[in-house]
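Worksheet for the structure shown next.
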Amino acid sequence: MMLYLQKLSHSDGEDVFDMLKEIKPIENSFTNPANEMTFQEYQDWLFQQEKWDRGEMLPKGYVAQSIYWLYDDGFPVGIGKIRHELTDISRANGGNIGYAIRRSQRGKGYGVVLLKLLLEEARKIGVKEILLTIDKANEASKIVCEKNGGVCFDKNSERWFYKF
3 MMLYLQKLSH
13 SDGEDVFDML
23 KEIKPIENSF
33 TNPANEMTFQ
43 EYQDWLFQQE
53 KWDRGEMLPK
63 GYVAQSIYWL
73 YDDGFPVGIG
83 KIRHELTDIS
93 RANGGNIGYA
103 IRRSQRGKGY
113 GVVLLKLLLE
123 EARKIGVKEI
133 LLTIDKANEA
143 SKIVCEKNGG
153 VCFDKNSERW
163 FYKF
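Next comes the structure, spelled out in structure tokens:
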């Protein structure tokens with residue numbers, strides 16, 4: 003098994019598009035707008051995401067965000083997002099890192115590896131404070147956080163808050 007992260011690129015093709023079709027538009031608070039897109043819309047979205055990664059043309063209230071694909075021997079199995087900074091909204095509802103594994107590949111340990119690699123990337127790009135919020139309905143993601151050294155420091159009726 004050869005697992006690695008690949009940063010989103012405007013040249014990403016149908017293999018990534020097919021993976022994104024396996025992840026619901028909103029799942030455990032993870033948003034995946036590409037699920038409901040045509041292939042042409044997806045290609046336009048890739049260009050937009052490259053700009054957002056550089057902090058260009060961000061909608062009001064947004065911060066720069068990098069997107070990565072987790073590959074296993076050249077086959078995309080997951081997506082991860084890193085917000086470069088926290089806002090009041092992301093601090094309460096999302097944190098800096100979000101991730102999802104394509105439905106057909108869940109339960110194989112990819113989530114643990116994906117979060118580990120995303121944490122490494124976040125540190126490389128200079129993210130100073132790393133926070134993840136986990137929906138209480140998502141016990142699997144809670145386990146993934148804890149296996150990666152996350153410490154639950156708060157909770158409310160909807161989610162747990164983990165710092166790294």
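Numbering (the numbering used here), first residue to last: 3 to 166.
Each residue gets a CB set at the ideal place from its N, CA and C atoms; glycine is no exception.
All figures in this text were calculated on a predicted structure; none of them were measured in a lab.
| Check | Outcome |
| --- | --- |
| Nearest residue (CA-CA) to N37, options W47, Q45, E29 and I25 | I25 |
| Assigned secondary structure, I145 (DSSP; H/G/I helix, E/B strand, else coil) | helix |
| Where the alpha helix (DSSP H) through R94 begins and ends | A quick correction: the sequence has Ala, not Arg, at residue 94. Looking at the DSSP string, the run of the alpha helix (DSSP H) that includes A94 is D90 to N95. |
| A124, enclosing alpha helix (DSSP H) - first and last residue | Y112 to K126 |
| Paired residues, beta bridge with S68 - DSSP | I84 |
| Residue environment, M59, which counts as buried when at least 16 other CB atoms sit within 10 Å | exposed |
| Contact between the stretch 121-131 and the stretch 36-54 (3+ Cβ pairs under 8 Å) | no |
| Opening and closing residue of the beta strand (DSSP E) in which K157 lies | V153 to K157 |
| Separation of S13 from K144, as counted between CA atoms | 33 Å |
| Per DSSP, the bridge partner or partners of P1 | With the chain running from 3 to 166 in the structure shown, residue 1 is simply not present. |
| N158 classed as buried or exposed, judged by whether at least 16 other C-beta atoms fall within 10 angstroms | exposed |
| Alpha-carbon to alpha-carbon, G100 and N34 | 11 Å |
| Enclosing beta strand (DSSP E) for K9 [first to last residue] | L5 to K9 |
| Length of the line joining the Cα atoms of E185 and T40 | This structure gives no information on residue 185, because the portion of the chain shown stretches from 3 to 166. |
| Option nearest R85 by Cα separation, candidates G113, Q51, R108 and Q107 | Q51 |
| Local conformation of A102 per DSSP, three classes | strand |
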